[in-house]
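K.L.:
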Amino acid sequence: GKSDDTLNVAFTKELENVDSYFNSSREGVVMQRAVWDGLVYRDPVTNEYKGNLATSWEWIDDLTLEFKLREGVKFHNGEEFDADDVVYTVNYVADEKNGAKTQRNVNWMKSAEKVDKYTVRISLKKPFPAAIEFLSGPVSMYPNEYYAEAGPTGMGLKPVGTGPYKVTEVEPGKHFVLEKYEGYHDSPKGQPEIGKIDIRTIPDVNTQMAELFSGSLDLIWQVPADQAGKLATMDQFTVANESTMRIGYLTLDAAGRTGEKNPFTDVRVRRAVAHAVNREALVAALLKGKSKVISTACFPSQFGCFQDVASYDYDPEKAKALLAEAGYPDGFETDFYAYRDREYAEAISSFLNAVGIKTNFHMLQYSALRELRMKGGTPVSFQTWGSYSINDASAITSQFFKFGSLDDSRDEEVRDWLDVADSATDPEKRKEYYAKALTKIADQAYWVPMFSYNTNYVFTNEVSYTPTPDEVLRFVDMSWN
Amino acid sequence: MSEGNASPPVLELRNVSKTYQIKQGMFGERKPLKAVNDVSLSLQRGDVLGLVGESGCGKSTLAKILLGLEAPTSGEVLVDGEPIGAQNRRLLARRIQPIFQDPYSSLNPRKSIRDIISLPLRVHGIGDSASQDKAVREILDVVGLPSRVMNSYPSQMSGGQRQRVAIARALIMKPEVVVCDEPTSALDVSVQSQILNLLGELRREFGLTYLFISHNLAVVEHLATRVAVMYLGRIVEEAPVGALFDEPRHPYTEALLASVLTPEPDLGVPDTHLGATYPNPIEPPTGCHFHPRCARVMERCKGVAPQITCDGEHSVECHLYGRESGQAVA
Amino acid sequence: MSEPVLSVRNLRLDIPTGAGTLHAVRGIDFDLERGETLCIVGESGSGKSLTSLAIMDLLSKRIERKADKLVFDGTDLTKAGAKKMRALRGDRMAMIFQEPMTSLNPAYTIGDQLMEALLLHRKVGKAEARRRAVELLEKVGITGAERRLSQYPHQLSGGLRQRVMIAMALMCEPELIIADEPTTALDVTIQAQILRLLVDLTREMNVAMILITHDLGVVARVADKVAVMYAGELVETGTAKKVFDAPMHPYTRGLLRCIPVPGKTERGSELGSIPGIVPSLVGKVSGCVFRTRCEEATEACRGEIPYRESAEGRHNFRCVHETGRRAGVEEPA
Amino acid sequence: MPGSIRVFGWLEMARTADTLLEDIQGPTPGQMLRKRIFGHQGLLFGVAVLGLLLLVAIFAPLLAPHDPYAQDLLARMQPPVFLGGSWEHPLGTDHLGRDYLSRLIYGARISLLIGGFAALISGLIGTAMGVAAGYFGGRVDMAVTFLINVRLAMPVVLVALAIVAVFGGSLQVVILVLGFLLWDRFAVVMRSSTLQVRSREYVTAAQAIGCSTSRVILSEIMPNIVNNLIVVVTLEMAHAILLEAALSFLGLGVQPPTPSWGLMVSEGKQMMLFEPWLVAIPGITLFVLVLAINLLGDGLRDVTAPENRS
Amino acid sequence: MLNFILKRLGLAVLVALTVSAISFSLLFMAGDPAAALAGEQATDVDIEAIRRLYGFDRPMIVQYWEWLSRALQGDFGESYYFRLPVSDLIMERLSITMTLGVCGISFALLTAVPLGVVAAIRPNSLIDRFALFLSVMGQAMPSFWFGLMMIVVFSIQLNWLPPSGTKTWVHFIMPTIVLGYYAMPAIMRLTRAGMLDVLGSDYIRTARAKGAGEGRVLFKHALRNAIIPVVSLAAVQMGFMLGGSIVVESIFALHGAGYLAWESIGRNDLPTVQALILIFSMFYIVFTFLSDVLNAWLDPRIRVA
Ligand SMILES: Nc1ncnc2c1ncn2[C@@H]1O[C@H](COP(=O)(O)OP(=O)(O)OP(=O)(O)O)[C@@H](O)[C@H]1O
Ligand SMILES: Nc1ncnc2c1ncn2[C@@H]1O[C@H](COP(=O)(O)OP(=O)(O)OP(=O)(O)O)[C@@H](O)[C@H]1O
Ligand SMILES: [Mg+2]
Ligand SMILES: [Mg+2]
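Going line by line, the protein sequences match chains A, B, C, D and E. Each residue of the first sequence is one higher than the one before, starting from 93 at the first, in my numbering. Each residue of the second sequence is one higher than the one before, starting from 145 at the first, in my numbering. Each residue of the third sequence is one higher than the one before, starting from 20 at the first, in my numbering. Each residue of the fourth sequence is one higher than the one before, starting from 197 at the first, in my numbering. Each residue of the fifth sequence is one higher than the one before, starting from 2 at the first, in my numbering.
(1) If we ignore side chains and look at the alpha-carbon of each, how far apart do E:I278 and A:V512 end up?
(2) Closer than 7 Å to a non-hydrogen atom of ligand 1 - does that hold for the CB of B:G447?
(3) For ligand 1, is there a heavy atom less than 7 Å away from the beta-carbon of B:P428?
(4) Show which residues of chain C have a CB atom less than 7 Å away from the CB atom of B:T416.
(5) Looking at the unbroken beta strand (DSSP E) that takes in C:H334, where does it start and where does it end?
(6) Once DSSP output is grouped into helix, strand and coil, what is the label at B:S475?
(7) Give the DSSP-derived three-state secondary structure of A:K382 in the structure shown.
(8) Could you check if C:S68 belongs to the surroundings of ligand 2, using beta carbon to heavy atom distance under 7 Å?
(9) Report yes if the CB atom of B:A330 is closer than 8 Å to the CB atom of B:G304, and no otherwise.
(10) For the structure I just gave you, are there three or more beta carbon pairs, one from the region 482-496 of chain D and one from the region 241-250 of chain D, closer than 8 Å?
(11) Starting from B:M374, follow its DSSP beta bridges and name the residues at the other end.
(12) Got a sec? Which residues, its chain only, sit under 8 Å from C:V339 by beta carbon, not counting five neighbours each side?
(13) In whole angstroms, what separates the C-alpha of A:Y525 from that of D:M467?
(14) Specify which residues have a beta carbon nearer than 5 Å to any heavy atom of ligand 1, listing them in chain order.
(15) Looking only at its chain, what residues have a beta carbon closer than 6 Å to the beta carbon of C:R327, apart from the 5 residues adjacent to it on each side?
(16) Please name the residue in B:S334, B:P176, B:L193 and B:A387 whose C-alpha comes closest to that of B:T217.
(17) For chain E, check one thing: does any of its Cβ atoms lie closer than 8 Å to the Cβ of C:G109?
(18) Can you tell me which residues form a DSSP beta bridge with D:Q267?
(19) State the Cα-Cα distance for the pair E:G240 and A:A242, rounded to the nearest angstrom.
(20) According to the Cβ coordinates, are B:L361 and B:V323 closer than 8 Å?
(21) Give the residues from the region 326-351 of chain D that approach chain E closer than 8 Å (Cβ to any Cβ), ordered along the chain.
(22) In chain G, which residues lie less than 7 Å from A:K266 when you measure between Cβ atoms?
(23) Can you give the Cα-Cα distance for E:Y55 and A:Q394, rounded to whole angstroms?
(24) Output the boundary residues of the beta strand (DSSP E) element that contains D:H262.
(25) For D:L217, is the classification buried or exposed, using 16 other Cβ atoms within 10 angstroms of its Cβ as the cut-off for buried?
(26) Relative to the C-alpha of A:K382, which residue among A:V121, A:F543, A:F114 and A:W200 is closest?
(27) Listing by chain order, which chain E residues have their CB less than 8 Å from the CB of D:L469?
(28) Please confirm whether E:I252 and E:L149 have their CB atoms less than 8 Å apart.
(29) If we cut at 8 Å on Cβ distances, does D:P455 have a partner in chain E?
(30) Between the alpha carbons of E:S24 and D:V355, how many angstroms are there, rounded?
(31) Go through its chain and collect everything with a Cβ distance to D:L391's Cβ below 6 Å, but skip five positions before and after it.
(32) Give, in chain order, every unbroken run of the beta strand (DSSP E) that is at least 3 residues long and sits entirely within the region 418-497 of chain A.
Printed below as a string of structure tokens:
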């Protein structure tokens, strides 16, 4: 609490490793933003790129970026920040053998080389228009000497960065303690105000709320909508809601991977599915907050996320008619898979049941479902994708419509358009091709996009904080009232 | 042996042994226990062979071998001169039937008396249910129970009545041999005499042959025609009942007879001259198994096992009577 | 005559059961002199064990004990509190039970259990108690007594355990030993040994003994005095000689006819028997309990039954018939 | 033998016949059992509640006021009538607006189905193993005892979770997993009961009569251990129901929209601090069901206990 | 005795081996470990690389053998999720689970044994009925529900006890009660039944006949014999409790091994799950082994064989 200048926060999930290249969870991103800095910073409100550890950058060519680095920055352990750190970090994480957890975040970089002490060049494997976006996001700079010695394991147990908060205690699975870094450089992130952050892992949201009531927590987040609604009615708490980049969608087996006779190979059936689900009701009743119904297969704010595509309104009669037209007047039976948000998935499957598509509901662990989809696909499954908060349509479309194992539509035309869009450097050309692809995806109803997610932040009235739409807790922006 | 070897003995044991592998404790190593050790016996039709001996000497094991419930480790069991091994277990069951000691555990508490008694008939598929019922009624009458007990359950009956049911079950197949393993030792004397009388009557009536196992020598003397005395798995003496009781030869038999307490108030408690050390059957004493307790032990008894000496129908296994002992048979 | 060690008058034991009160023991009277052996004999369930436990005050709390007189060596047991009874038990009155296999605590050594009574009642040290234990073990005929002290019950055979029980009963030199069927679970040869030991020791130490058994042979050989029990009543008491030579009560006579006596009973002949079974003692019990099985029964047996003394004295029986027989019935030849 | 109906001296004692008569006309084991059953409150309570729930389960379609799967996102988490809700939904609605009472009624089916089938499967496995071990002894016994040890050494919840995680939590999978995990108590109890009964002389008698092994086991041994079996069946049924609830609570039990009570607790748990009845209602029914089954089991054990016999 | 211990030990090892084989094969079917390892947003290339890196493409028997031989040296491999040696990971959490287990079983024993003894001394008394009531409730109460209700009452309404965490002993009160109450009914019933049985036995009558006082009879003669089966049961329950602490740990946010196990199943973190199943089994095996030894020591019929 305010009295001991310590903010008590709860995480739901246990972080596998604090080293941000070796975890893949939201909590990891939160830690990363607090402990480390990237070369670039994107203002979460204006979406404007600013220099952070770099003061300026320029494209030398399609495959090379040059950065001028900020001088006088020191890591938490006293090590000085310079080009060697950047070179070491980039070369380390870009090397697939070192096993950075999320290869997509780093595998577009080929290597880095030092020009002088405060100038560095990063080379790309192929043209990658979203490079700056990634550099402002998941790619953060590590101290070369320390990292060479400690490696990911040591870094996980005793993280060292340049960020606004330094880690003073790590008890894996139990809690982390962050302390304000007094020597934090003059970063666009701003200066930290709260002295100490104590983050505990509490898996159960009820327990989190109980702790919040008893005063031993000051801030919880990712609170489900219903609970948040109730907490909002209580005087001692502030509930803030922000949208996130995560979207929910149904993916339908248009390619017939689960079998030639799969009803979803028929576009009428897919459209029937789209008409069957009352997405407005889902958003209004279950997700609430800043969630929106979406029609495109990407998050609206993402670059290239073309909005003017076919949309399917809630019309169960039409759905039934389409089914009948496709030869299923009495509906049919199908397996329905999901891996999270059981409540939403259940509600969706219930809508499908209502038009005669009888679903056998399967809730699987993510890995099991993923394996299933990789091996032979699923007829219909409820999926979500958060795009790593990367504000570019490539972060989602290229994952799912380019004949990867999770591509259930396998439309060559779509793939070719996306190839062009992903690698073109001209933004307008990219937009055009994304629009083509997204229009066809919607028209063919390969996916049934559902809604965007939101996050609820609940904190005591002692805390002042305005969350941002990218679902990242920014301790540096918090202060006591 | 007996007069006129015209018909073979109903039942004959030839050098029968039964060895159990005993585990001591939960994980102790296995050791052999000779529960029955090289026993030869024969029963003529109409005989009542009394089998006496201390607890654990192997009487029940012998009975189980006769009933075919345990296979002998070695030796042969012959019924009517035919080896039992060749016979079907079910055929044997028609000819030899048991009566057990504990009337409380020898009847299945879940079954009615009718079911219990007719079980042998049903197992062997004799008659239909009506004729089985008739047979049950008849046999109940024979053992002196009213036929209305047919629908009762064992828990509703007294010990003596239950024993009668057990006898009825044994007799319904009209067996030749009945193996009675201490049939009265769980009963009060007043009931015991009823059962003994019944057994005697039945034998006379149906010409049954009994193997009669008992602790109670007075009872054995009363009922048996021949008596075998067992000690640590061996038959140490066998003789017609009169001969054995009137002139016992083996020191163990003597001691047994001396221990019989008859209701004669003047006699006091006899001295059996037996040592108190009861031998461990797993590690029986060397030589004559009885020597550590024997009042008339000789040096030879400790090392050499005695041979059976036969004198007419009276056989004994003791150095006192062996040919080598030089001592004349009394 | 000196004061008896134990004097019992009209001892009654009632057990509440689901179906009503079970009058398990009804009106037992007897006296026991010092050094004397009383045998209580009767069918199973006749209340022998209950009677003995009643004297020791070891009945479960459910069972109600009433007596006009229950005096042990000058102490009125009906009035003695728990503490007083504890002081008596094991010290001046001791007990031997039927099952040698289960009557010793499996968790403690023979030595511990032997010494316990002495340590509880006498101010003696362990060494002294140990010495006494060894002495008594030798006395009951156990060889290697020193070694036995550290053995556990499961390492001994039944006969040896019963000897240990006897030694245990004698530790404090009691005035009264109650032995409840001490030999029923043992082999005949061992039974004779144990009985002999008991008789010799009680004589030697001048201990009074109540020996409970259902074996008439044992009674005849051991008893000074005999008490025949049937369904919770003493139907006949007297010296052993009188009871066996001239049994008065029809039940006693019946019992004696039931057992074959070598040399006397003809081999293979029909034995006598007592037909029927013991009546239920639940609820009101009146008249002679044996009448349902009695050859001599008459209408009068339903009434009050007098307690008669036989002509020669020191021999009592409970029967409506003066001689224990229906008038005009000849004794069968 | 026929024709020679003899009257023995024993029967001549005509005067005593009346005592004999009374004796034999005592209650049959069945009558005594009935008497004990009706004198046992816990047992009666257990039977009554279980019977009621069984009826509810069987007639669920008639009793349920609504379709338990019909969602109404506009009427979510309506309170039950005693907390100010309407009679339209007497016990309120759940987080998807489904009628709570209807789900509860159908849930009785699921719980009883899971408990019943899990107990049936584990009962078959365990009884077969236990009886075989007890009857045949020796190597069979050693093998069974070893298997029991192995099974006991495996942490049930963990293993069940792992399996359900792999195969998905369909009703069949949950039943099979529980069935294949909970046989240990059956095996242990049946083994020792069989050992006990096997040494009875009536078994030896049956063998001596020439009964086949299967006949001895089925008609002599089984009837005498079946009451122990029933007791274990009830206990394991309760165990299975609780375990399913725990699995559901951990998110790895049966799958939605199946209205399992355990799942309902788990779903209601989310709003536990604000709408406690969401958890309380299925929690209490679960508790009452398990309580009833346990009381039934305890009662059966009491009335069939050996000290109550004879 | 030594013989007994050695043979018992042999059995324990055999059981442990079998369990290890079962748990290994069981979990190997648990989805594609490579997919799990790669995480939610990985590409197919990532997954294929990981498959080769970790050797998931080799025959199962080879993998089992390798795993087992390393496990015997205390090396359970590296957690897919944490990238830390599994043994380190588990050691850390095990202390919490062990603390919880020890507290739980102590709570169960400390309540169940006295209650059981008193109930046996006074059957059908008020305290006997109370004990029966407690045990019937305990058997029917789902422990997750009990835990939640405890939090609602003692943390939310009364604010007496902290709802989660492990900082001080106060944090352990509610988890201990919830976990202990799970084991209590069985122990209590066994104590009561055993005590009733022993109190009715012949040797207790012998002790009374010697003039031993009630206290001596109860505590010296009876309890020693009645407690023998309770020791075994407590060991078994302790083993079950450790394996079953998952629910309690997740409710009270105790970061013990049970919670780790649950999470690891969700993450398909094979090495961790395998190690945990093996370790929980080992605990059970060790506890029952120790209880057998303790029993043997308490019961001379086994000790002096
Ligand atoms: N199934 C068995 N396995 C191992 N040992 C056995 C078995 N049956 C009997 N024995 C042993 O064989 C010996 C003889 O036993 P048996 O039952 O034949 O004696 P018994 O003379 O009938 O004794 P009792 O008079 O007590 O009935 C005993 O030492 C007994 O322990
Ligand atoms: N605790 C008890 N509760 C109910 N009935 C009892 C109890 N103890 C004894 N009885 C009954 O009291 C009667 C007398 O029992 P007791 O043990 O004294 O008989 P006994 O003569 O010693 O028989 P046995 O020769 O079998 O030892 C029996 O009918 C018995 O069933
Ligand atoms: Mg025998
Ligand atoms: Mg008695």
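Ideal Cβ positions, reconstructed from N, Cα and C, are used throughout, including at glycine.
P.N.:
With the given structure in hand:
(1) Rounded to the nearest angstrom, the two C-alpha atoms are 50 Å apart.
(2) Outside the cutoff, so no.
(3) It does not: the Cβ of B:P428 is nowhere closer than 7 Å to a heavy atom of ligand 1.
(4) Residues of chain C passing the Cβ test: T208, A211 and Q212.
(5) Its beta strand (DSSP E) spans residues H334 to R337.
(6) It is not possible to answer for residue 475 of chain B, since the shown part of chain B is limited to 145 through 474.
(7) In this structure, A:K382 counts as coil in the three-state DSSP scheme.
(8) Yes, ligand 2 has a heavy atom inside 7 Å of this Cβ.
(9) No. Outside cutoff.
(10) Below 8 Å, enough C-beta pairs join the region 482-496 of chain D and the region 241-250 of chain D to call them touching: three or more.
(11) B:G197 and B:I379, per the DSSP bridge assignment.
(12) For C:V339, same chain residues with a beta-carbon under 8 Å away, outside a window of 5 residues either side, are C307, T317, A319, C320, G322, I324 and P325 in chain order.
(13) In this structure, the CA atom of A:Y525 is about 45 Å from the CA atom of D:M467.
(14) For ligand 1, the selected residues are B:Y164, B:A179, B:S199, B:G200, B:C201, B:G202, B:K203, B:S204, B:T205 and B:P425.
(15) Within the same chain, and ignoring the five residues on either side of C:R327 in sequence, the residues whose Cβ sits closer than 6 Å to its Cβ are F336.
(16) Closest by C-alpha distance to B:T217, out of B:S334, B:P176, B:L193 and B:A387, is B:P176.
(17) Answer yes: the Cβ-Cβ gap between C:G109 and chain E drops below 8 Å somewhere.
(18) Per DSSP, none; premise fails for D:Q267.
(19) For E:G240 and A:A242, the gap between their C-alpha atoms comes out near 38 Å.
(20) Their beta carbons are not under 8 Å apart, which means B:L361 does not touch B:V323 by this criterion.
(21) For the region 326-351 of chain D, the set of residues with a beta-carbon nearer than 8 Å to any beta-carbon of chain E comprises F342, N345, V346, L348, A349, M350 and P351, in chain order.
(22) In summary, chain G is missing from the structure at hand, where the protein chains are A, B, C, D and E.
(23) Between E:Y55 and A:Q394, the C-alpha separation is close to 36 Å.
(24) For D:H262, there is no enclosing beta strand (DSSP E), as DSSP marks it with neither H nor E.
(25) A caution first: D:L217 carries a pLDDT of 38, below 50, which makes its placement in the model too unreliable to give a value.
(26) Checked all of A:V121, A:F543, A:F114 and A:W200; the closest Cα to A:K382 is A:F543.
(27) Per Cβ cutoff of 8 Å: V153 and I157.
(28) Yes, they are a contact pair.
(29) With respect to chain E, the C-beta atom of D:P455 has no partner C-beta closer than 8 Å.
(30) Straight across, the Cα-Cα distance linking E:S24 with D:V355 is about 8 Å.
(31) Counting only Cβ-Cβ distances below 6 Å, and skipping sequence neighbours, we find G330.
(32) For the region 418-497 of chain A, the full-length beta strand (DSSP E) segments reaching 3 residues or more read 424-430, 449-455 and 472-477 along the chain.
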